[in-house]
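Colleague:
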Amino acid sequence: MKSFLSFCFLLLVTLVSAISSTGDRLLAVLDDVAEKAGYSKFLGDLESRGFKITYETPKSESLSLFHLGERKYDHVIFFPTKAKGLGPNLTPNLLLQFLNQKGNILLTLSSGTPAATSLVSLLSELDIALPSERTGLVVDHFNHDVVSAADAHDVLLLPVPRPARDDVSDLFAAGAPADTPIAFPRGAGVLLGPGPLLTPIVRAPATAYLYNPKEQAEAVAADELFGAGAQLALVAGAQARNSARLAVVGSAEMLSDKWFDAKVTKVGEKKEVPTYNREFAKRIAGWAFQEIGVLRVNWVEHRLNEAVVGANVSNPEMYRIKNDVTYTISLSQYSWDKWTGFTVPANDDLQLEFSMLSPFHRLHLSPDPAHSTPEATAYTVSFTLPDQHGIFNFKVNYKRPLLTNIEEKNTVSVRHMAHDEWPRSYVISGAWPWIAGIGATVTAWLAFVVVWLFSRPAGERVVLKKTQ
Amino acid sequence: MHFSKSFLSAALLLAAGIADAASAWSFDEGTVSVVSKQGGDGLKEKLNAKKPLSKPLTFGSSDTIKIALTAKDNGKGKRPHQAFVVLKDVDSGLEAPFPLTTKDTGKAVGQISQKDIPVQLLLATKPLQASVVIASFGSAQGLNTHLFDLAVQLDPNAPAPAYEKPVRYSKQPEIHHIFKADPKSPPRIISLVFALAVLATVPALFLGWFSLGANIDHLSTAFGKAPLSHTAFLGSIVAMEFVFFLYYSTWNLFQVLPVIAIVGAVTVLSGTKALGEVQARRLAGQR
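Those sequence lines, one after another, are chains H and P.
Taking full-length UniProt numbering, the leading residue of the first sequence gets 1, the next gets one more, and so forth.
Taking full-length UniProt numbering, the leading residue of the second sequence gets 1, the next gets one more, and so forth.
#1: Quick one: is H:M318 buried, meaning 16 or more other Cβ sit within 10 Å of its Cβ, or exposed?
#2: Counting only beta-carbon atoms, is H:F454 nearer than 7 angstroms to chain P?
#3: Tell me which residue opens and which closes the alpha helix (DSSP H) that P:K46 is part of.
#4: Just to make sure I have the definition right: I need the residues of chain P whose C-beta is within less than 8 angstroms of the C-beta of H:A150. Which are they?
#5: With respect to the beta strand (DSSP E) encompassing H:R49, which residues constitute its N-terminal and C-terminal limits?
#6: Mind pulling the beta strand (DSSP E) runs of 3 or more residues that sit fully within the UniProt domain "OST48 middle" (313–455) of chain H?
#7: Residues of chain C with a CB under 8 angstroms from the CB of H:G437: which are they?
#8: Straight-line CA distance for P:V132 to P:V152?
#9: Does H:A173 have its Cβ less than 7 angstroms from a Cβ in chain P?
#10: How long is the line joining the alpha carbons of H:P369 and H:V344, rounded to whole angstroms?
#11: Using alpha carbons as the reference points, say which of H:A458, H:H141, H:A311, H:A346 lies closest to H:D165.
#12: Would DSSP call P:I67 helix, strand or coil?
#13: If we cut at 7 angstroms on Cβ distances, does P:Y169 have a partner in chain H?
#14: I'd like to know if the stretch 74–86 of chain P and the stretch 188–200 of chain H are in contact, where contact means that at least 3 CB-CB pairs between them fall below 8 angstroms.
#15: In the DSSP assignment, find the unbroken alpha helix (DSSP H) run with P:G208 in it and report its ends.
#16: Should P:T102 be flagged as near chain H, meaning a C-beta pair shorter than 7 angstroms?
#17: Using a Cβ-Cβ cut-off of 7 angstroms (strictly less than) and excluding sequence neighbours within five positions of H:L197, which residues of its own chain qualify?
#18: On the criterion of 16 or more Cβ atoms from any shown chain inside 10 Å, does P:S228 qualify as buried, or is it exposed?
#19: P:V85 by DSSP, collapsed to three states: which one?
#20: Is H:N93 closer than 7 angstroms to H:S64 when the C-beta atoms are compared?
#21: So, do the stretch 131–141 of chain H and the stretch 122–131 of chain P have three or more beta carbon pairs nearer to each other than 8 angstroms?
#22: When DSSP builds the beta bridges, which residues end up paired with H:E56?
#23: Would you mind sorting P:R188 into buried or exposed? The rule is 16 or more other CB atoms within 10 Å of its CB.
#24: Among H:R456, H:H75, H:D154, H:N410, which has the Cα closest to the Cα of H:F289?
#25: Quick check on the burial criterion: 16 or more other C-beta atoms within 10 angstroms. Buried or exposed for residue 492 of chain H?
#26: On the DSSP bridge assignment, give the partners of H:N104 in chain order.
#27: Would you say P:I175 faces chain H, with C-beta separation under 7 angstroms as the test?
#28: Would H:I329 pass as an interface residue toward chain P - the criterion being a Cβ-Cβ separation below 7 angstroms?
#29: Would you give the residue range spanned by the alpha helix (DSSP H) that H:N277 belongs to?
#30: DSSP beta-bridge partners for P:A108?
#31: Give me the chain H residues within the contact set of P:H146, using Cβ-Cβ distance strictly less than 9 angstroms, ordered along the chain.
#32: Measure the alpha-carbon distance for H:D420 versus P:N252 and round it to whole angstroms.
#33: Please determine if the stretch 201–208 of chain H and the stretch 222–229 of chain H are in contact, where contact requires at least 3 C-beta pairs separated by less than 8 angstroms.
#34: Measure the CB-CB distance between P:V86 and P:G110 and report whether it falls below 7 angstroms.
#35: In the stretch 215–297 of chain H, which residue ranges form an unbroken beta strand (DSSP E) of at least 3 residues, counting only runs that do not cross its ends?
#36: Per DSSP, what kind of secondary structure is H:D24 in: helix, strand or coil?
Structural data, given as structure tokens:
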């Protein structure tokens, strides 16, 4: 009976986790609900992955992100809206509160419609900057689609986005077919601040630049250039400290049905190639809505690694200085619909810190196949505790771009040596003269006592005569 | 077959080249000059779209780089939408664009002083690579070519611009705790020699005592007069030393204290009798 119940529970868990790792309630905000027909494939893909989508317009009375202080939705997607503001239900403050409660936001821009002020404020709160006119058009005279934008050059063809650093996991381009560009039609770009929470996912090519078609139609004045080249982020991600995610997609059009199926041709080539947009749209929505790049700590164990009594106790509260200990942590990664073992990206490193205020040890954790399963990978390290007593933490602080922040802290006391845990003095060769001294003193004392008790006066006393 | 294929592609390429040449951006009358604030006659070099300048230009702290050129679309002066001079740090790949001010005739001018250049590029170790991007809407092919190199010389009298790398989440250098060194003993032979020297003092002491006439001749007298108290007194003194030995080897303080109390009491009680006997001998003049 019990096993049957637990089986049912497991089944329930797998059914529930057949979608995003954090929830399936998705709110789509559009100007007009009829607009969703243009994104039917993108939204259909989301629905087929298990999301329950609610469509609302900003004007709707019933729209609210919270009910009795709890989130009503797990994820929100904003399509471009013409209204300047988004009304009292979507103020920047509420959107930030939504992020603070671990809600995720996918935000799309468009060169045709300026972003709502509420979204601009939200982005500036996260140190993501839009041009002052709230939109702009990114063009590239060298990397555009010659089929659809032979003159306007505003449909950019971008290579599939590889990570900028070689130690970042390749979530968006892994497994992509060669030579399928991403079409980025009539989009805007953003500038990212220097913070570590922001990650550019797609950066503009070196020759691309953003301008305002209304005011800079003739030329871009020297001091009015908002951004050009790789500093312009066309698609960017922000992950808060609580791992809530916000993705900014510069061009809403790239998610539309039209560009999922479009054939494009690069400058200087004749060949028509399909776009990577559908797969990229799936992955960027999957990243924003916690379907990929999500990490979980299953368990942590630290124990004494010495052949003494009590060595097989898990997670003891106290150790002694210079004890040999083993630390193991089990990590899983969510991949679309299931938990899998987490493999640290090449060139990256999972590290354990043993710290009191500052780390005393920072060590590489290596995979431990003996404790790993297909759903979880264990990482382990054995080391000697420092020769310093105090309150210490076993700390795994694994914060990486695009991956869930992991900060796992286990506090232990490290005591000093007890008086009977030192080596005995006869083991220490330097102590031998002192031990011999004690032995000599004891022997002489006993002999003195015997002599003093039983000695007979020896012959005549020697009397010293006074010399006159 | 192979030959004909490559020939065909070469022909195609050539055709493409001709088609491109029919509408492509280029520039004319391009000059770059380094104007010094001190009013000295600056350096002026002609720019060539085909070939960059062979020597890097020296760019002092108070100098201004002036670039002037006439953009041409297919040989005719025309205003391009994009006319940027891009400075690039070869090592890091960082780029900074500087748009030129353009006129309808295609004349484009721009000037760069050191305060316009981002600090990351100012601190570059190699000369900056300056290239020009001239392009616009329509079918004309854009121009993106390397023009010259720029060796930035910072003002030696002013403090160097400070640049702090932004925080990036990544792996950090490993730390291995450096343990204090274990206590060390001198060579065993030295310890052994000194231990033996200390032990040798005991026979030396006994020899000294015997040479001065120490003896235990009264042993039988004493034991004859007070056998029990002498046995107990001597035995308790030896037992006390044995208790100290046990304390050193295995016992703890709380095991030692009651035993010391018992042994001490025996010493005191038997000692009065035993020492009384010794006093009696002294009063009898036997000591």
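Every residue, glycine too, gets a C-beta built ideally from N, C-alpha and C.
Modeller: In short:
#1: Residue environment analysis places H:M318 among the exposed positions, since fewer than 16 neighbouring C-beta atoms fall within 10 angstroms of its C-beta.
#2: Chain P, which has a Cβ nearer than 7 angstroms to the Cβ of H:F454, makes this yes.
#3: That residue, P:K46, is in no alpha helix (DSSP H); its beta strand (DSSP E) goes 43–46.
#4: By Cβ distance, chain P contributes S139.
#5: No residue range can be given for H:R49, since it is assigned to no beta strand (DSSP E) and is classified by DSSP as neither H nor E.
#6: Considered as a whole, the UniProt domain "OST48 middle" (313–455) of chain H harbours 318–320, 324–335, 338–341, 351–356, 358–364, 377–384, 390–398, 406–415 as its complete beta strand (DSSP E) runs of no fewer than 3 residues, in chain order.
#7: Absence of chain C from the displayed structure is noted, the protein chains being H and P.
#8: Straight-line Cα distance between these residues: approximately 18 angstroms.
#9: Closer than 7 angstroms to the CB of H:A173 there is not a single CB belonging to chain P.
#10: Approximately 14 angstroms between the Cα atoms of the pair.
#11: Note that residue 165 of chain H corresponds to Arg in the displayed sequence, not to Asp. Nearest option by C-alpha distance: H:A346.
#12: Residue state, collapsed to three classes: strand.
#13: Closer than 7 angstroms: yes.
#14: Output reads no: the stretch 188–200 of chain H does not touch the stretch 74–86 of chain P.
#15: 188–211 is the span of the alpha helix (DSSP H), which, as asked, contains P:G208.
#16: By this cut-off, P:T102 is an interface position.
#17: If we look at H:L197 and ignore the five residues flanking it on each side, its Cβ neighbours are A238, Q239, A240.
#18: One point to set straight first is that residue 228 of chain P is Leu, not Ser, in the sequence displayed. Looking at its Cβ environment, which holds fewer than 16 other Cβ atoms inside 10 Å, P:L228 is exposed.
#19: It is a strand residue.
#20: For H:S64 and H:N93, no; Cβs fall outside 7 angstroms.
#21: Not touching, per the Cβ criterion.
#22: Bridge partners of H:E56: H:V29.
#23: With fewer than 16 other Cβ atoms within 10 Å, it is exposed.
#24: Among H:R456, H:H75, H:D154, H:N410, the Cα nearest to that of H:F289 is on H:H75.
#25: A question about residue 492 of chain H goes unanswered here, because the residues of chain H that appear run from 1 up to 468.
#26: Beta-bridge analysis with DSSP links H:N104 to H:H75.
#27: Chain H contact via Cβ: present.
#28: Residue-level contact check: H:I329 does not touch chain P, since none of the beta carbons of chain P fall below 7 angstroms from its beta carbon.
#29: Taken as a continuous stretch (DSSP letters only), the alpha helix (DSSP H) holding H:N277 covers 277–288.
#30: Answer is P:L69, P:T102.
#31: Listed along the chain, the chain H residues whose CB falls inside 9 angstroms of the CB of P:H146 amount to none; the nearest CB is some 13 angstroms away.
#32: If I take the Cα positions, the gap works out to 10 angstroms.
#33: Verdict: yes, contact present.
#34: For the 7 angstroms CB-CB criterion, P:V86 and P:G110 do not form a contact.
#35: Counting only runs of at least 3 residues, the stretch 215–297 of chain H fully encloses the following beta strand (DSSP E) elements, listed from N- to C-terminal order: 232–239, 245–249.
#36: Shown here, H:D24 sits in coil according to DSSP, grouped into three states, outside any helix or strand.
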